[in-house]
Amino acid sequence: MPVVKASRRENFALHPKAHKYLIKKSGIPGQHGGNGRRPGANNQYTIQLREKQKIRRLYGLLEKQFANLVKKAIRQPGAAGENALSMLERRLDNAVYRAGFASSRRSARQLVSHKHFTLNGRRVNIGSIMLREGDAVAVHKKSGKNAYFKSLNDRSPAPTQLPGWLSVDRAKVAFQVTGKPAREDVFEEINEQLLVEYYSR
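Now the structure itself:
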C-alpha cells in the first residue's frame with residue numbers, strides 16, 4: 001500500500017511527505033471512505049488492530065516479522081510494550097533515520113541495503129540488525145563520496161530531536177550507540193499497550 005494511502009488509513013503520517021496530504025484530505029481511502037466510520041470502529045479489537053497496523057507501518061515491517069518481534073518482547077522481563085518499542089528503535093535502519101541521515105525509515109532501509117554503512121567497521125546491508133550499546137555505525141568510505149551524502153543537509157536536514165541513546169557526528173556521518181532507547185526517545189504518538197493487548201489475546 002502506498003505510504004500516503006496507508007497514512008490516511010491509519011489517520012497518522014507514516015512518512016514526512018504524508019503530513020500535507022493528511023491536512024488536505026483525511027479519512028479512510030476509498031470511494032466511500034470519508035462518509036463515516038466503518039462498522040465496529042469503536043470496539044476494542046478494532047482499536048487494538050488499528051494501533052498495531054499504525055506501528056507496524058510506521059517502522060515498515062512485514063506482518064510476520066512484526067508479530068515475531070512483539071511476541072519476543074512480551075516474553076522478556078519488564079514492560080512488554082516498552083520492550084517492543086526498544087527493539088524497533090534499535091533496528092539499524094531506524095537508527096540511521098533517527099540519526100538524521102535519511103528523511104524516512106524507508107530511505108534509511110534503502111541506504112543500508114545498498115551497503116552505504118558500516119557497523120563496527122564492517123560493511124552491512126541488513127536493516128533489521130539489532131544494535132547494542134557500544135556499536136559504532138558510519139558511512140562507508142567510498143559511499144561518503146556519493147552525491148547523496150555530499151548534499152546530506154539539503155536532502156535530510158539535521159533532526160530537531162535526537163534520541164538520548166545515540167551520539168551523532170553529523171560531519172562524519174557516523175553515530176555510536178551509548179545506551180538503550182527510553183520511552184521518551186520515541187517521538188511519535190504511539191500507544192504500545194494496545195499493541196501488547198492485541199498480541200496477548
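For the sequence shown, position 48 (counting from the first letter as 1) is numbered 48 according to my numbering, and the numbering increases by one without interruption. C-beta atoms are modelled at their ideal positions from N, C-alpha and C, and glycine is treated no differently. Predicted model, so just to flag it, every value in this text is computed and none were measured.
Quiz item: In the structure shown, what three-state DSSP assignment does Q44 receive?
Solution: helix
Quiz prompt | Buried versus exposed, by CB contacts within 10 Å (16 or more), F101 | solution = buried
Exercise. Under 8 Å Cβ to Cβ from G179, same chain only, skipping five residues before and after it: list those, please.
Key: E133, G164, W165
Quiz item: Nearest to L85 by alpha carbon, out of N43, I190, H140?
Solution: The residue with the shortest Cα to Cα distance from L85 is I190.
Quiz item: Less than 8 Å separating the beta-carbons of Q76 and N68?
Solution: no
Self-check item: Sufficient close CB pairs (3 or more, under 8 Å) joining the stretch 121–133 to the stretch 87–102
Solution: When C-beta atoms of the stretch 121–133 are compared with those of the stretch 87–102, three or more pairs fall below 8 Å, so the two segments count as touching.
Quiz item: Taking Cβ to Cβ, would you say R122 is nearer than 8 Å to H140?
Solution: no
Quiz item: So, V96 versus L111, is the Cβ gap smaller than 8 Å?
Solution: yes
Practice problem: Could you tell me if H114 is buried or exposed, where buried requires 16 or more neighbouring beta carbons within 10 angstroms of its beta carbon? | Solution: Exposed: under 16 other Cβ atoms inside 10 Å.
Quiz item: Thinking C-beta only, is R105 closer than 8 Å to Y59?
Solution: yes
Self-check item: Three-state class that DSSP yields for Q65 in the structure shown
Solution: helix
Exercise. Quick one: grab the DSSP three-state call for D135.
Key: Note: D135 maps to coil in three-state DSSP.
Exercise. Put A99 into one of helix, strand or coil per three-state DSSP.
Key: coil
Quiz item: Under a three-way DSSP split, which group does R122 fall into?
Solution: Three-state result, R122: strand.
Exercise. Classify S156 as helix, strand or coil using the three-state DSSP reduction.
Key: coil
Quiz item: Who are the Cβ neighbours of G36 in its own chain at under 6 Å, not counting the five residues just before and after it?
Solution: Unreliable positioning characterises G36 in this predicted model, as indicated by a pLDDT of 49, which lies under 50. The coordinate reading is nonetheless provided below. Answer for G36: no residue qualifies.
Quiz item: Alpha carbon to alpha carbon, what distance is there between A182 and A80?
Solution: 13 Å
Exercise. Using alpha carbons as the reference points, say which of F117, S103, Y199 lies closest to D154.
Key: S103
Quiz item: Can you tell me the Cα-Cα spacing of I47 and L195, whole angstroms?
Solution: 10 Å
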